[in-house]
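Report on one structure; see the data block that follows.
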Amino acid sequence: DTAVSQTPKYLVTQMGNDKSIKCEQNLGHDTMYWYKQDSKKFLKIMFSYNNKELIINETVPNRFSPKSPDKAHLNLHINSLELGDSAVYFCASSQGSNGYTFGSGTRLTVV
Amino acid sequence: GESVGLHLPTLSVQEGDNSIINCAYSNSASDYFIWYKQESGKGPQFIIDIRSNMDKRQGQRVTVLLNKTVKHLSLQIAATQPGDSAVYFCAETPRTGAQKLVFGQGTRLTINP
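Residue numbers (this note's numbering), protein chains in the order written: chain A, 5 to 115; chain B, 76 to 188.
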């Protein structure tokens, strides 16, 4: 079983479209995250949720809206996609500061 | 502010040699440090961690050293193998405030046959 699974793995879309990325963890962790990795491999946190509650929002444009229906799921919806949104998005989960586990990533390409 | 930086963006070593990847951090309140390995097309994979009350921690073929005086972290990989080729990241979490990982730039390790 994959501990942190995210779909889709690849996403190619046109500017201005709206898209969603889904994430699920089966580790029983309380906290879930979204990270963005740019073309230079730099990883930066976007959001974190703890038991469905938003804890961290790292000055991400409000075109990005995370949603956590339960503590095992954290989805990321992006409105009005821009070229600069092209990146690899990683979902992760942890139990407190322990056991950080990352998904395999979603490569988003905006054309 | 919080920042974690690596001294070298690329490192090439011969197969069988030892490699050392370095990392500097600026937040003296950092409490927990993790090294991740990222292979092409995959997510970061946990290698080893260390808390601020320790100076050294060993795993299988890997050792992490923490020098809090100079805010420096290193990852030593013994007897490198082709499968060790990847990008390596250090990450830290602050002791206070919301839990989040702050990542360094990453070092690409290449193992030469």
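Heads up, the beta-carbon is just placed ideally off N, CA and C, and yes, glycines get one too.
None of these values were measured; they are calculated from a predicted model.
Backbone CA spacing between residue i and residue j [nearest angstrom]
i: A/Leu112; j: B/Asp106; result: 33 Å
i: A/Glu86; j: A/Asn61; result: 19 Å
i: B/Asn102; j: B/Tyr111; result: 19 Å
i: A/Gly100; j: A/Asn54; result: 9 Å
i: B/Arg126; j: B/Leu150; result: 14 Å
i: B/Gly116; j: A/Thr11; result: 14 Å
i: A/Asn66; j: A/Pro73; result: 19 Å
i: B/Glu114; j: B/Cys165; result: 15 Å
i: A/Lys48; j: B/Gly91; result: 33 Å
i: B/Val139; j: A/Gly103; result: 17 Å
i: B/Pro84; j: B/Cys98; result: 11 Å
Pair within 7 Å by beta-carbon distance, residue i and residue j
i: B/Asp130; j: B/Ile109; result: no
i: A/Ser97; j: A/Val8; result: yes
i: A/Val92; j: A/Gln41; result: yes
i: B/Lys143; j: B/Tyr100; result: no
i: A/Thr63; j: A/Ser52; result: no
i: A/Lys45; j: B/Val162; result: yes
i: A/Ser90; j: A/Gly20; result: no
Where residue i falls: helix, strand or coil (DSSP)
i: B/Pro157; result: helix
i: B/Gly76; result: Low confidence applies here, because B/Gly76 scores a pLDDT of 40, under 50, leaving its location unreliable; read the following figure in that light. Of the three classes helix, strand and coil, the one that applies to B/Gly76 here is coil, per DSSP.
i: A/Leu87; result: helix
i: B/Ser101; result: coil
i: A/Asp42; result: coil
i: B/Gln133; result: strand
i: B/Ala166; result: strand
i: B/Gln180; result: coil
i: A/Ala96; result: strand
i: B/Glu114; result: coil
i: A/Asn21; result: coil
i: A/Asn54; result: strand
i: A/Lys71; result: strand
i: A/Leu15; result: strand
Same chain, Cβ closer than 7 Å to residue i, five either side skipped, listed in chain order
i: A/His77; result: Cys27 and Glu28
i: B/Ile152; result: Asn93, Ser94, Arg136, Val137 and Asp159
i: A/Leu80; result: Ser24, Ile25, Trp38, Phe68, Pro70 and Tyr93
i: B/Phe121; result: Ile109 and Tyr111
Environment of residue i [buried if 16+ CB atoms lie within 10 Å]
i: B/Gln180; result: buried
i: B/Gln89; result: exposed
i: B/Ala154; result: exposed
i: A/Gly109; result: buried
i: A/Asp22; result: exposed
i: A/Glu57; result: exposed
i: B/Pro119; result: buried
i: B/Thr168; result: buried
i: A/Gly107; result: buried
Own chain residues within Cβ distance below 6 Å of residue i, not counting five before or after
i: A/Phe68; result: Ile82
i: B/Leu141; result: Ile125, Asp130 and Leu148
i: A/Ile59; result: Ser52
i: B/Leu81; result: Residue confidence for B/Leu81 is low, a pLDDT of 48 falling below 50, so the modelled location carries little weight and cannot support an answer.
Own chain partners of residue i with C-beta closer than 8 Å, once the 5 adjacent residues on each side are dropped
i: B/Leu86; result: Ser94, Ile96, Thr182, Arg183, Leu184 and Thr185
i: A/Thr105; result: Ala7, Val8, Gln29, Leu31, His33, Ala96, Ser97 and Ser98
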